[in-house]
Amino acid sequence: MCGIVGAVAQRDVKRILLEGLRRLEYRGYDSAGLAVLAAGGPIQRHRAVGKVEALENQIAEVPLSGHTGIAHTRWATHGVPSECNAHPHISRDRIALVHNGIIENYQALKQQLQVDGYSFSSDTDSEVVVNLVHQALDDGGDLLAAVRKVLGQIRGAYALAVMDRHAPGRLIGARRGSPLVVGLGFDEYFFASDVFALLPVTQRFVFLEEGDVVDLRAEGFTILNAAGEVTERPIQVSGIDPESADRGAYRHYMLKEIHEQPAVIANTLSGRLADGRLSADFFGGEGNAILERIKRVQIVACGTSYHAGMVARYWIEELCGLPCNVEVASEYRYRVRPVADETTLFVVISQSGETADTLAALRDARERDYGASLAICNVPESSLVRESDLVLMTRAGQEIGVASTKAFTTQLVALMLLVLALGRHRGLPEAEERRLAAALQQLPQAVEACLALEGDIQAMAEHFADKHHALFLGRGAQYPVAMEGALKLKEISYIHAEAYPAGELKHGPLALVDADMPVVAVAPNNELLEKLLSNLQEVNARGGELFVFADQTVEVGEVQHHLPVVSVDDELAPLIYTVPLQLLAYHVAVLKGTDVDKPRNLAKSVTVE
Ligand code: F6R
Numbered sequence: 167m168c169g170i171v172g173a174v175a176q177r178d179v180k181r182i183l184l185e186g187l188r189r190l191e192y193r194g195y196d197s198a199g200l201a202v203l204a205a206g207g208p209i210q211r212h213r214a215v216g217k218v219e220a221l222e223n224q225i226a227e228v229p230l231s232g233h234t235g236i237a238h239t240r241w242a243t244h245g246v247p248s249e250c251n252a253h254p255h256i257s258r259d260r261i262a263l264v265h266n267g268i269i270e271n272y273q274a275l276k277q278q279l280q281v282d283g284y285s286f287s288s289d290t291d292s293e294v295v296v297n298l299v300h301q302a303l304d305d306g307g308d309l310l311a312a313v314r315k316v317l318g319q320i321r322g323a324y325a326l327a328v329m330d331r332h333a334p335g336r337l338i339g340a341r342r343g344s345p346l347v348v349g350l351g352f353d354e355y356f357f358a359s360d361v362f363a364l365l366p367v368t369q370r371f372v373f374l375e376e377g378d379v380v381d382l383r384a385e386g387f388t389i390l391n392a393a394g395e396v397t398e399r400p401i402q403v404s405g406i407d408p409e410s411a412d413r414g415a416y417r418h419y420m421l422k423e424i425h426e427q428p429a430v431i432a433n434t435l436s437g438r439l440a441d442g443r444l445s446a447d448f449f450g451g452e453g454n455a456i457l458e459r460i461k462r463v464q465i466v467a468c469g470t471s472y473h474a475g476m477v478a479r480y481w482i483e484e485l486c487g488l489p490c491n492v493e494v495a496s497e498y499r500y501r502v503r504p505v506a507d508e509t510t511l512f513v514v515i516s517q518s519g520e521t522a523d524t525l526a527a528l529r530d531a532r533e534r535d536y537g538a539s540l541a542i543c544n545v546p547e548s549s550l551v552r553e554s555d556l557v558l559m560t561r562a563g564q565e566i567g568v569a570s571t572k573a574f575t576t577q578l579v580a581l582m583l584l585v586l587a588l589g590r591h592r593g594l595p596e597a598e599e600r601r602l603a604a605a606l607q608q609l610p611q612a613v614e615a616c617l618a619l620e621g622d623i624q625a626m627a628e629h630f631a632d633k634h635h636a637l638f639l640g641r642g643a644q645y646p647v648a649m650e651g652a653l654k655l656k657e658i659s660y661i662h663a664e665a666y667p668a669g670e671l672k673h674g675p676l677a678l679v680d681a682d683m684p685v686v687a688v689a690p691n692n693e694l695l696e697k698l699l700s701n702l703q704e705v706n707a708r709g710g711e712l713f714v715f716a717d718q719t720v721e722v723g724e725v726q727h728h729l730p731v732v733s734v735d736d737e738l739a740p741l742i743y744t745v746p747l748q749l750l751a752y753h754v755a756v757l758k759g760t761d762v763d764k765p766r767n768l769a770k771s772v773t774v775e
């Protein structure tokens with residue numbers, strides 16, 4: 167949530183900041199702003215409500231340049247999206263600051279600052295920090311010392327960058343709880359919330375640790391760790407393709423990412439299967455030694471990633487015979503005494519690897535007696551990856567659409583690989599492992615077959631666009647798929663959607679069913695099929711409009727809308743049935759004219775709790 171960029175260079179930094187903001191827009195897009203400084207000049211600040219484009223338009227005609235600058239794209243936490251709440255915040259024409267995170271004790275600090283004569287022009291928690299830095303500087307000392315003093319006063323999560331009008335060519339950055347990287351150029355250095363923001367100017371990065379403070383200048387930078395000691399952090403070269411954010415011929419990133427699924431699933435599998443089985447060195451010797459001890463699995467995640475965990479629970483219990491618990495991270499992290507023991511594997515699933523609740527749950531788990539932690543993640547440089555014992559990368563490539571699509575299906579592939587690895591120690595017969603490995607290898611083709619349904623799904627979407635509510639039904643491992651379908655529809659089309667295990671319908675939700683309530687169902691050909699079809703008839707009998715995605719071999723009977731789906735091994739059906747639901751949500755949203763890639767009120771990376 168919120169993206170920040172900072173730059174100190176010999177050249178004008180305005181374009182670098184704007185390009186960085188465009189690349190960080192997925193983190194928040196309700197307002198944006200930047201401030202630049204040229205030696206001897208005032209702080210030049212511009213802010214605009216809406217996307218980065220609005221800021222660009224605002225400054226297009228303005229003569230603006232500077233060698234030092236900071237910029238921000240906002241996802242509102244404290245105060246509505248407005249120009250005065252947009253960052254950078256400025257204290258008494260001297261200090262400018264951008265902040266990502268939440269300052270929990272801002273109210274008490276604000277009251278004291280007001281008593282001390284500071285005025286506030288926003289409703290944000292961040293403005294407290296900029297005024298505190300100003301006050302600390304007034305008390306004596308330099309910018310670095312002032313920022314460090316303030317970090318001792320504030321409580322909460324932050325990544326921040328601070329600029330002083332009296333210190334052109336210098337920025338101070340700090341992180342605790344929110345991500346911040348340093349980008350290394352030649353005689354120019356940068357801050358950003360992620361590496362992607364800076365790829366046009368550098369591929370070399372230093373990832374800051376919790377509690378780090380950085381003194382950044384055009385000639386170099388110094389890092390102080392949480393204890394205040396000068397410290398070195400390794401320089402890493404990013405392998406991310408700077409052009410990977412290209413939308414190509416697709417109308418939206420989300421559509422592009424849905425269509426990328428066959429390729430990225432193949433990428434997730436690449437090198438991980440050998441001779442028709444899981445490759446022997448999949449987790450390496452140390453990883454295998456850990457898995458051998460595992461007798462229980464605890465999965466923690468949020469949103470779409472949580473749904474992937476829910477699917478995996480069916481697999482882990484049925485194929486490995488291991489008890490598996492799945493919980494949303496925001497709940498898990500506040501449980502007083504979750505059952506943890508040395509035979510439990512703690513698994514966190516996250517596309518971004520920076521989700522505040524998931525990260526907090528991992529940190530909490532590491533304090534407990536779990537056997538080991540495993541991160542299933544899409545971003546190699548993320549905090550989650552760096553802080554877990556074992557890592558399984560999903561390799562989906564950058565996901566820009568706020569609604570997660572290819573991240574989910576690749577998480578499922580990674581989770582099935584984990585199941586095969588666990589299964590080796592839990593008596594999963596070799597023939598079963600080979601069957602599942604073969605099924606995994608067939609997945610890209612099966613997903614292609616689902617994508618070929620797009621024209622029919624687009625036509626189906628016409629029947630949805632005027633609806634206000636929808637129900638999604640599934641049974642067994644398809645129940646989380648129904649949840650994922652409902653989540654996709656609500657987040658990008660703003661149609662209220664709920665998912666139920668189909669058998670629950672008659673315990674209450676059936677009362678909602680009438681001609682205005684579309685009911686979407688996913689029906690693979692498995693042992694639950696007949697039960698599901700009976701549930702659908704119950705809907706039919708009450709005049710509900712049914713949209714059924716069923717295995718191509720299944721006779722679904724009388725339903726208004728039906729599309730046949732390619733047959734796959736039942737374990738992998740959740741992955742396959744997700745694709746038509748993604749396309750349905752996408753085409754409904756397009757018909758409704760919503761902002762598909764940046765739906766209202768949301769952000770891609772939820773770095774506040
Ligand atoms: C929904 C969506 C969110 C994320 C959730 C967790 O389409 O994208 O529900 O899945 O915010 O994010 P990650 O996976 O980055 O931890």
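Sequence positions in the sequence shown follow our numbering and run 167 to 775. We treat Cβ as the ideally placed atom computed from N, Cα and C, and that holds for glycine. None of the values given here were measured: they were computed from a predicted structure.
Q. What whole-angstrom Cβ distance do Val430 and Arg399 have, given they're in contact under 8 Å?
A. No, Val430 and Arg399 are not in contact; Cβ-Cβ is about 30 Å, not under 8 Å.
Q: Starting from Thr234, follow the beta strand (DSSP E) in both directions and report where the run begins and ends.
A: Where Thr234 is concerned, the enclosing beta strand (DSSP E) stretches over Thr234 to Arg240.
Q) What residues in its chain sit with their C-beta under 6 Å from that of Ala562, if we drop five residues either side in the sequence? A) Val430, Asn544, Lys572, Ala573 and Thr576
Q.
I need the straight-line Cα distance from Glu547 to Gln607, nearest angstrom please.
A. 28 Å
Q: Using the Cα positions of Gly642 and Thr510, report the straight-line distance between them to the nearest angstrom.
A: 24 Å
**Q.** Residues bridged to Cys168 [DSSP beta-bridge criterion]
**A.** Its beta-bridge partners do not exist; DSSP assigns none.
Q) Arg370 by DSSP, collapsed to three states: which one? A) strand
(Q) Considering only DSSP beta bridges, list what Asn491 is partnered with. (A) DSSP output for Asn491 lists Gln464 as bridge partner(s).
Q: Would you check if there are 3 or more beta carbon pairs closer than 8 Å linking the segment 648 to 655 to the segment 615 to 622?
A: no
Q | Residues of its chain near Asp196, where Cβ-Cβ distance is below 8 Å and the 5 sequence neighbours each way are ignored | A | Val215, Gly216, Arg240, Trp241, Ala242 and Pro247
Q) Leaving out the 5 sequence neighbours to the left and right, which residues in its chain are closer than 6 Å to Tyr480 when beta-carbon positions are compared? A) Ala643
Q: Please state whether DSSP places Leu421 in a helix, a strand or coil.
A: Leu421 sits in a helix when the DSSP states are folded into three classes.
Q: Specify the secondary structure class of Asp855 as computed by DSSP and reduced to three states.
A: Only positions 167 to 775 of the chain appear in this structure, which leaves residue 855 out of reach.
(Q) Closer than 7 Å to a non-hydrogen atom of ligand 1 - does that hold for the CB of Gly194? (A) no
Q. Do Val361 and Val347 come within 8 Å of each other at the CB atom, strictly closer than that value?
A. yes
Q: Flag this pair as yes or no: are the beta carbons of Leu702 and Pro675 separated by less than 8 Å?
A: No, the pair does not count as a contact, with Cβ atoms beyond the cut-off.
Q.
Quick check on the burial criterion: 16 or more other C-beta atoms within 10 angstroms. Buried or exposed for Pro684?
A. buried
Q: Assign Thr575 to one of three DSSP states: helix, strand, or coil.
A: helix
(Q) Counting beta carbon pairs with one atom in the segment 761 to 771 and one in the segment 185 to 200, are three or more of them shorter than 8 Å? (A) yes
Q: Using only the heavy atoms of ligand 1, determine whether one of them is closer than 7 Å to the beta carbon of Thr239.
A: Between ligand 1 and Thr239, a heavy atom-to-CB distance of less than 7 Å is absent.
**Q.** Euclidean distance between Cα positions of Glu664 and Leu729
**A.** 21 Å
Q) If we count the other Cβ atoms within 10 Å of its Cβ and call it buried at 16 or more, is Asp535 buried or exposed? A) exposed
Q) Just curious, the beta strand (DSSP E) that Pro684 is in, first and last residue? A) Run containing Pro684: Pro684 to Ala689, per the beta strand (DSSP E) assignment.
Q: Please report the residue range of the beta strand (DSSP E) in which His634 lies.
A: Premise fails: His634 is in no beta strand (DSSP E) and is neither H nor E.
Q) Buried or exposed: which applies to Arg211, given that a residue is buried once 16 or more other Cβ atoms fall within 10 Å of its Cβ? A) Buried.
Q.
Does the distance between the C-beta of Gln517 and the nearest non-hydrogen atom of ligand 1 fall short of 7 Å?
A. Gln517: yes, Cβ under 7 Å from ligand 1.
Q.
On the DSSP letters alone, give me the boundaries of the alpha helix (DSSP H) that Pro765 sits inside.
A. No alpha helix (DSSP H) holds Pro765; DSSP gives it neither H nor E.
(Q) For Ala541, which residues in the same chain have their Cβ closer than 6 Å to its Cβ, ignoring the five residues on either side in sequence? (A) Cβ neighbours of Ala541 beyond the five flanking positions: Val514, Leu550, Val551, Ser554 and Val557.
Q: Assuming Leu444 and Leu586 form a contact by the criterion Cβ under 8 Å, report the distance between their Cβ atoms to the nearest whole angstrom.
A: 4 Å
Q.
Would you call the segment 388 to 406 in contact with the segment 222 to 234, where contact means no fewer than 3 C-beta pairs closer than 8 Å?
A. No: the two stretches stay apart, fewer than three of their Cβ pairs being nearer than 8 Å.
Q. Which of helix, strand or coil does DSSP assign to Ile566?
A. coil
Q: With a threshold of 16 other CB atoms inside 10 Å of the CB of Phe449, please say whether the residue is buried or exposed.
A: Buried, by the Cβ-count rule.
Q.
For a minimum of 4 consecutive residues, which ranges assigned as the alpha helix (DSSP H) are wholly contained in the segment 734 to 765?
A. Runs found: 739 to 758.
Q.
At a threshold of 7 Å, does Gly651 count as lining ligand 1 (C-beta to nearest heavy atom)?
A. Checking every heavy atom of ligand 1 against the Cβ of Gly651, none is found closer than 7 Å.
Q: List the whole-angstrom C-beta distance separating Lys672 from Glu704, where the pair is believed to meet the contact cut-off of C-beta under 8 Å.
A: The beta-carbon separation of Lys672 and Glu704, rounded to 6 Å, stays under the 8 Å limit for a contact.
Q.
Output needed for Glu385: all residues of its chain with C-beta closer than 8 Å, excluding positions within five of it in sequence on either side, in chain order.
A. Asp353
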